[in-house]
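Chemist: Sending over a structure as structure tokens; questions will come in a sec.
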Amino acid sequence: MIELFFHLLVLAGIVFAAIFVYMERDLLSAAIATGLFSFLISLEFYILQAPDVAISQAAIGAGLTTAIFIIAIRKVGRWEGDER
Amino acid sequence: MQLSRIVRTAADILYPFILIFGLYIVIHGHLTPGGGFQGGAVIATGSVLLLVAFRYSELTGDLRKGWMKIFESGGLLLFIGTALAALLVGGVFFFNWLANTGSLFGIPVAFGPNPGEIYTAGVIPVMNLAVGIEVWGGLSLIVMYMMGDLEEGGERS
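Here the protein sequences come in this chain order: A and B. Counting in our numbering, the first sequence tops out at residue 106, every number present. Counting in our numbering, the second sequence tops out at residue 170, every number present.
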């Protein structure tokens, strides 16, 4: 029962993180929310008993991709839609 | 954009722990979940954390593109060299020529349930180490080239 509740919590968190990434206009917040999304996905992989994939997803998705997004945001500016 | 002192100090403190965790995943690749790719990605995440927290020009003493290129090529050469060395010993390509020999990683595996001995499995830990070094170099190089372009082209915000 507690496992099912935790599983549903993780799934709801994934959906909310994805909606937040779509709605947010601050690109830095959106990048951090993408990292949170990847972290929850890796937690989901762990719940579904694939710890190997979970480690890859946590390192690549939550770590490297977020870093690459942050570096790109340094280049293009922080807010969506403001043209120089 | 200068990141805050909190981020920089946290990156400084966390870096060795991330490094040790990644090396643990690499070297226990044949016993626990994870392996060369996962451990290498974790180590690369540590390097990238430093790169994001500091400027690239501040880090040229510790992390350099040249070293990462050497790591990437060296890891690949170690991998394929280990596989080709089996031909010299007398097996086929990728033959596990170190297992059960008593030398490096050569202890025979105990029968039945056991906690796992790290000096087993022959050639597999060596190849995990090679893949770990290669993935560390490759993934760090990707971010370093983005940072290098950023330093030349100037920043916004």
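Idealized CB from N, CA, C, for every residue including glycine.
1) Helix, strand or coil: how does DSSP classify B:Trp-80 here?
2) How long is the line joining the alpha carbons of B:Gly-125 and A:Phe-61, rounded to whole angstroms?
3) If you run the structure through DSSP and keep just helix, strand and coil, what is B:Trp-110?
4) Assuming the contact rule is C-beta atoms closer than 8 Å, A:Ala-55 and A:Val-43 should be a hit. Round their C-beta distance to whole Å, please.
5) Is it the case that the Cβ atoms of B:Val-61 and B:Val-144 are separated by a distance below 8 Å?
6) Quick one: is A:Ala-81 near chain B, going by C-beta distance under 8 Å?
7) Considering only DSSP beta bridges, list what A:Trp-101 is partnered with.
8) My parser needs the beta strand (DSSP E) runs of 3 or more residues fully inside the stretch 45-74 of chain B; what are they?
9) Between which two residues does the alpha helix (DSSP H) harbouring B:Leu-27 extend?
10) How long is the line joining the alpha carbons of B:Ala-123 and A:Ala-40, rounded to whole angstroms?
11) In chain A, which residues lie with their C-beta within 7 Å of the C-beta of B:Thr-58?
12) Report buried or exposed for B:Thr-95, applying the criterion of at least 16 other Cβ atoms within 10 angstroms of its Cβ.
13) Determine contact between the stretch 62-75 of chain A and the stretch 30-41 of chain B, defined as no fewer than three beta-carbon pairs at a distance below 8 Å.
14) Suppose the cutoff is 7 Å on Cβ atoms and the five residues either side in sequence are ignored; what does the same chain contact list for B:Trp-129 look like?
15) Assign A:Ala-94 to buried or exposed, taking buried as 16 or more other Cβ atoms, counted over all protein chains shown, within 10 Å of its Cβ.
16) Using the beta-carbon count (16 or more within 10 Å), is B:Phe-50 buried or exposed?
17) How about the stretch 133-140 of chain B and the stretch 104-119 of chain B: do they share at least three Cβ pairs that are nearer than 8 Å?
Modeler: Inspection of the coordinates gives the following:
1) Helix, per DSSP.
2) Roughly 36 Å between the two C-alpha positions.
3) Here B:Trp-110 sits in coil by DSSP.
4) Right, their Cβ atoms sit about 5 Å apart.
5) Note that the C-beta distance between B:Val-61 and B:Val-144 is not below 8 Å.
6) It does: the Cβ of A:Ala-81 has a partner Cβ on chain B nearer than 8 Å.
7) Per DSSP, the beta-bridge partners of A:Trp-101 are A:Asp-48.
8) Runs found: none.
9) If you look at B:Leu-27, you'll find it in the alpha helix (DSSP H) that goes 18-40.
10) Here the C-alpha atom of B:Ala-123 lies approximately 47 Å from the C-alpha atom of A:Ala-40.
11) Here the neighbours are Ala-81, Gly-85, Leu-86.
12) Taking all protein chains in view, the Cβ of B:Thr-95 is crowded by 16 or more other Cβ atoms within 10 Å, so the residue is classified as buried.
13) Counting Cβ pairs under 8 Å, fewer than three are found: no touch.
14) The residue asked about is misnamed: residue 129 of chain B is Gly in this sequence, not Trp. Exclusion of the five residues before and after B:Gly-129 leaves Leu-44 as the residues of its chain whose Cβ lies within less than 7 Å of its Cβ.
15) With fewer than 16 other Cβ atoms within 10 Å, it is exposed.
16) Classification of B:Phe-50: buried, given that the 10 Å Cβ count is 16 or more.
17) Enough Cβ pairs lie closer than 8 Å, so yes.
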